[in-house]
Amino acid sequence: MKKIINRINTIFLEFEVMILHLVGIVPCHYFRRFFYRLGGIEIGKGSTLHMGARFYNPWNIKIGEDSIIGEGVVLDGRDNLIIGNHVDIASEVMIYNAQHNIKDPNFCAIQTPVSIEDYVFIGPRAIILPGVAIKKGAVVGAGAVVTKDVEAGVIVGGVPAKQIGERDIKNLNYKLG
């Protein structure tokens, strides 16, 4: 019986993911934002979600004010995913908060939250892995794979991501939208 219930839950979850994916290709920002909110995503005032964004378990995803989610971004809500205010996430970024434990003989799933603080920029095709915290004003370079926390004002790049510079974050006060 438990197996049947799990199968039914999976079907409903996959149906919701499919509906949100279809909403993502509609060329009207207001329409997409309305249906994403119905799907459980918390979206702050002035935030923009471009076409083609994909979401898993949307009820655990919170997006702050005046943030931009680029085209083709993947946001994983299997655990909490918190995106701050004035965050710019470029095209085709993938943010995950669940993975399998490759050292476990049962290959069990591990879920850990991801947080992205205010004024962060994440470059195109970067990958953010589970459990990562990206602090205020940090920059993640294009194509970087972030496996560890990124401190405030730090610029990281590469695979795996390493510090390549710093950003002056004392007076960050810009608007994206």
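Everything in the sequence shown is counted per the working numbering, starting at 1030 for the first residue and increasing by one.
Note that beta-carbon positions come from the ideal geometry of N, C-alpha and C, so glycine has one too.
- Take the alpha-carbon of Asn1130 and the one of Gly1182: they are about 31 Å apart.
- A check of alpha carbon separations from Ile1090 across His1115, Gly1166, Val1103 identifies Val1103 as the nearest.
- Residue Gln1128 holds the alpha-carbon nearest to the alpha-carbon of Cys1137 among Gln1128, Ile1145, Ala1162, Val1143.
- Checking the DSSP bridge columns, you'll see Ala1127 partnered with Gln1140.
- In the DSSP annotation of this structure, Glu1043 is not part of any beta strand (DSSP E); the continuous alpha helix (DSSP H) holding it starts and ends at 1031 to 1052.
- Burial is judged here by how many other beta carbons sit within 10 angstroms of a residue's own beta carbon; Phe1041 has fewer than 16 and is exposed.
- Looking from the CA of Gly1160, the closest CA among Tyr1085, Ile1054, Ala1119, Lys1177 belongs to Lys1177.
- A straight line joining the alpha-carbon of Leu1051 with that of Tyr1203 spans about 32 Å.
- If you look at Leu1067, you'll find it in the alpha helix (DSSP H) that goes 1058 to 1067.
- Taking a cut-off of 8 Å on C-beta distances, the stretch 1138 to 1150 touches the stretch 1106 to 1118, as three or more cross pairs fall below it.
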